[in-house]
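Each residue of the sequence shown is one higher than the one before, starting from 1 at the first, in the working numbering.
What follows is a single structure, written as structure tokens, with notes after it.
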Amino acid sequence: MGFEASKPRLADDDARSQLGEVTAEVRDYLAGRGKLPKEDWDRVQRLAGESGEHWSALLLRLGLVAERDLAEAFSTVLGHPIAGSEDYPPAAEFGDAVPLRFMKESRVVPLFEDDGQVAVAMADPTDQFALQSLVLALRRPVAVRVGLPSEIEASIERLYGAGKSAMGEIVDSLGSGEAGSEDDIQHLRDLASEAPVIRLVNLIVQRAVESRASDIHIEPFDERLKVRYRVDGVLHEVESPPASSTAAVISRVKIMANLNIAERRLPQDGRIAVRVQGKELDLRVSSVPTLYGESVVIRLLDKSGVKFDFGVLGFEGEPLKRLLRVLDMPHGIVLVTGPTGSGKSTTLYTALLKLNTPTRKIITVEDPVEYELEGINQIHVKPQIGLNFASALRSIVRQDPDVIMIGEMRDLETARIAVQSALTGHLVLSTLHTNDAAGGVTRLLDMGVEDYLLTSTVNAILAQRLVRQLCAHCRETYEALPALVDELRLRRFAGGEGAVRLYRATGCKQCGGTGFFGRLAVVESLVMTDTIRELVMRHAGATQIQEAAIREGMGTMYQDGMRKALQGVTTIEEILRVTQEA
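Laid out in structure tokens, this is it:
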């Protein structure tokens, strides 16, 4: 673990000039990678001049840049390595040589000693006063490592503090909340506007972003307030504020989302646009009244983190070929089915981006518009003023579109307008809530769509589920049991002789100990053929339609998933968790 003592680049008579050069290089590094727009930098420079706070601290406090991105910029420009989580010591090795207050204010912490030199983690490695103070306090040469502020703070608290978490410190600064009734709206508004409550809600959102959560669930119960994050489709309970802060926390979220904090008897929906760790986030807020107060769910939509690419989403092989084939058709209906949270909207957005060319006019009707797509006309329905799916569709047909995307086929009127649009030469994309592709046909028949119209307009129905993707850093292989090998060969998933290797999750720091990182789709694609049309005209059941589609070459979600499990992308347990053929 040898290293050389740092040679401070700023410790000469021209320190101010060199500091300016470092600042410019760090700014250029971040800007060159699209991490820091010029207007954000100008704003930070102005605020730094007014407040005296260092620009790097402002960048992080305002959420304009992620900690990791700023650390990489400092590391590249100054040549100092980044301190890894394994570098932080399990116990305090330097006693009280460095005062606790100094470490907290300067955001520095000693790490370990090697060859008579002490490695220290610094959030701001350009801080020469802090560096020279550390040399004097430790009485040894110092080697700088760039540290993430959150890791430095956690290490200081663990090694030298009282062991309280950041949330614990915020909670200690909260008032008792007893002076005033929860029915007093002004009192609630005052509670929600207090600095500790604002910091508490910001911390909950920040930790959700760091955990890669898609949703935050804030749920009040009799004697506790529960906070859970949905990561890769699975809920995990996290550190929660005390029950006494329930009213203040929920009121703060409602104020941020421009909801009526006086109304606690009816469900409400709102949205918040924020920037956290350099990411533009759109937060969708939903509140519903429950027995012990309002339950709030916040959906986090990362505008920069979604990749609209079929390969990244998990589409490959025959299902992808079938989908691309039907998207090339000039008219007809393509449906994507699956339960809530199965990635249907992302699949449709990816299809729209593939279809989006200068020669096509595309209009969407959505509730709500999840992602803004360049060059596509998107309509956000507003039922309260009479702008629902059906009324919007009747109007946009007169806009002469080539492609129409309907967020969801919810009723017969919407389905009939979609069918009429397909008959008049439009390509219509939409979603439907059914368990499998064949069930989409029977669902439309049950809604009241005539069978002859259905067979004339529907080109294909896709069904999909999302499975967790194995972490590439820690997945491990194992030999499948003989009974499972026989099953895999019987179903022709595996061939040949000898052992069959599968993969399982273990867990590491990269994936937060879960063994999974991200999700991908398992898909089945039912294309409308003459055989399927005959069955639809006879009003055959979903099982018959499914069996006929399989005979004609359709692979099921289970089969697509098993292939991905054998490739080491996911696990067999994940496939059995989300598919019916288990």
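Where is the CB? At the ideal position from N, CA and C, for every residue including glycine.
Mind checking whether residue i and residue j have CB atoms under 7 Å apart?
{"i": "Thr579", "j": "Met562", "result": "no"}
{"i": "Ala549", "j": "Thr442", "result": "no"}
{"i": "Ile586", "j": "Ile404", "result": "Beyond the ends of the chain as shown, which are 1 and 582, falls residue 586; an answer cannot be given."}
{"i": "Val381", "j": "Leu373", "result": "no"}
{"i": "Tyr292", "j": "Phe221", "result": "yes"}
{"i": "Ser430", "j": "Met409", "result": "yes"}
{"i": "Pro125", "j": "His54", "result": "no"}
{"i": "Val585", "j": "Ala460", "result": "Look at the range of the chain in this structure, 1 to 582, and you will see that residue 585 is not part of it."}
{"i": "Ala392", "j": "Thr414", "result": "no"}
{"i": "Thr506", "j": "Gly515", "result": "yes"}
{"i": "Val231", "j": "Ala257", "result": "no"}
{"i": "Ser155", "j": "Tyr88", "result": "yes"}
{"i": "Val98", "j": "Ala137", "result": "yes"}
{"i": "Val365", "j": "Ile379", "result": "yes"}
{"i": "Gln546", "j": "Leu535", "result": "no"}
{"i": "Lys344", "j": "Pro401", "result": "no"}
{"i": "Phe308", "j": "Leu348", "result": "no"}
{"i": "Arg145", "j": "Ala123", "result": "no"}
{"i": "Leu58", "j": "Leu47", "result": "yes"}
{"i": "Val77", "j": "Glu157", "result": "no"}
{"i": "Leu235", "j": "Arg224", "result": "no"}
{"i": "Ala262", "j": "Ile185", "result": "yes"}
{"i": "Leu283", "j": "Ala248", "result": "no"}
State the Cα-Cα distance for the pair residue i and residue j, rounded to the nearest angstrom.
{"i": "Glu316", "j": "Ile152", "result": "43 Å"}
{"i": "Tyr29", "j": "Ala73", "result": "6 Å"}
{"i": "His473", "j": "Thr571", "result": "15 Å"}
{"i": "Val276", "j": "Ala91", "result": "32 Å"}
{"i": "Ala480", "j": "Ala463", "result": "29 Å"}
{"i": "Val209", "j": "Gly233", "result": "15 Å"}
{"i": "Glu178", "j": "His187", "result": "Below a pLDDT of 50, predicted positions are generally treated as unreliable, and Glu178, at 45, falls in that range; no measurement from the model is reported."}
{"i": "Gly553", "j": "Leu526", "result": "9 Å"}
{"i": "Ala68", "j": "Leu148", "result": "The amino acid at residue 68 is misidentified as Ala; the sequence shows Arg. The alpha-carbon atoms of Arg68 and Leu148 are separated by roughly 7 Å."}
{"i": "Leu423", "j": "Val238", "result": "51 Å"}
{"i": "Gln45", "j": "Gly84", "result": "30 Å"}
{"i": "Gln567", "j": "Tyr503", "result": "9 Å"}
{"i": "Thr531", "j": "Arg551", "result": "10 Å"}
{"i": "Ser295", "j": "Val288", "result": "5 Å"}
{"i": "Leu200", "j": "Glu318", "result": "49 Å"}
{"i": "Ala330", "j": "Ala195", "result": "In the sequence as presented, Ala is not what sits at residue 330; that position holds Pro. Near 57 Å, if we compare the C-alpha coordinates of Ala195 and Pro330."}
{"i": "Thr477", "j": "Lys321", "result": "30 Å"}
{"i": "Glu280", "j": "Lys564", "result": "32 Å"}
{"i": "Gly20", "j": "Gly32", "result": "18 Å"}
{"i": "Thr399", "j": "Leu427", "result": "The sequence shown places Gln at residue 399, rather than the Thr named in the question. Rounded to whole angstroms, Gln399 to Leu427 spans 14 Å at the Cα level."}
{"i": "Glu574", "j": "Ile198", "result": "38 Å"}
{"i": "Val117", "j": "Glu93", "result": "Checking the sequence shown, residue 117 turns out to be Gln, not Val. If I take the Cα positions, the gap works out to 13 Å."}
{"i": "Phe3", "j": "Glu105", "result": "Note that Phe3 scores 40 on pLDDT, short of 50, meaning its location in the model is unreliable and no value can be drawn from it."}
{"i": "Ala5", "j": "Ala351", "result": "Residue confidence for Ala5 is low, a pLDDT of 42 falling below 50, so the modelled location carries little weight; the figure read from the coordinates is stated next. Approximately 54 Å, taken between the alpha carbons."}
{"i": "Lys509", "j": "His539", "result": "53 Å"}
{"i": "Ile218", "j": "Asp115", "result": "50 Å"}
{"i": "Leu203", "j": "Arg475", "result": "31 Å"}
Based on the DSSP output, what are the partners of residue i in its beta bridges?
{"i": "Met405", "result": "Thr364 and Leu429"}
{"i": "Ser525", "result": "Leu462"}
{"i": "Asp584", "result": "Since the first residue shown for the chain is 1 and the last is 582, residue 584 is missing from the structure and cannot be characterised."}
{"i": "Lys382", "result": "Leu387"}
{"i": "Glu476", "result": "Arg504"}
{"i": "Gly332", "result": "Leu427"}
{"i": "Pro196", "result": "Per DSSP, none; premise fails for Pro196."}
{"i": "Ala143", "result": "Ala119"}
{"i": "Arg468", "result": "Arg519"}
{"i": "Asn377", "result": "Ile363"}
{"i": "Pro220", "result": "Leu225"}
{"i": "Thr337", "result": "Leu432 and Ala463"}
Check your understanding: Which full runs of the beta strand (DSSP E) of 3+ residues lie inside the segment 231 to 304, going along the chain?
Key -> 234 to 238, 268 to 276, 279 to 290 and 293 to 302
Point to revise | Three-pair Cβ contact test at 8 Å for the segment 356 to 367 versus the segment 331 to 341 | key: no
Exercise for review: Inspect the CB distances between the segment 227 to 244 and the segment 265 to 277 and report whether three or more fall short of 8 Å.
Suggested key: Taking one beta carbon from each stretch, the segment 227 to 244 and the segment 265 to 277 have fewer than 3 pairs nearer than 8 Å; the two do not touch.
Exercise for review: Answer yes if the segment 465 to 475 comes into contact with the segment 518 to 528, meaning at least three C-beta pairs across the two stretches below 8 Å, and no otherwise.
Suggested key: Cβ pair count under 8 Å is three or more, so yes.
Point to revise | Segments assigned beta strand (DSSP E), at least 3 residues, entirely inside the segment 81 to 121 | key: 108 to 114
**Study point:** Uninterrupted alpha helix (DSSP H) stretches inside the segment 540 to 572 (no shorter than 4 residues)
**Key:** Every alpha helix (DSSP H) stretch that sits fully inside the segment 540 to 572 and reaches 4 residues is listed by chain position as 542 to 551 and 557 to 566.
Check your understanding: If you pair each beta-carbon of the segment 448 to 457 with each one of the segment 407 to 425, do three or more pairs fall below 8 Å?
Key -> yes
Review point. Counting Cβ pairs closer than 8 Å, one from the segment 292 to 306 and one from the segment 199 to 214, do we hit at least three?
Key: yes
Review point. Do three or more CB pairs link the segment 109 to 118 to the segment 36 to 46 at distances below 8 Å?
Key: No: the two stretches stay apart, fewer than three of their Cβ pairs being nearer than 8 Å.
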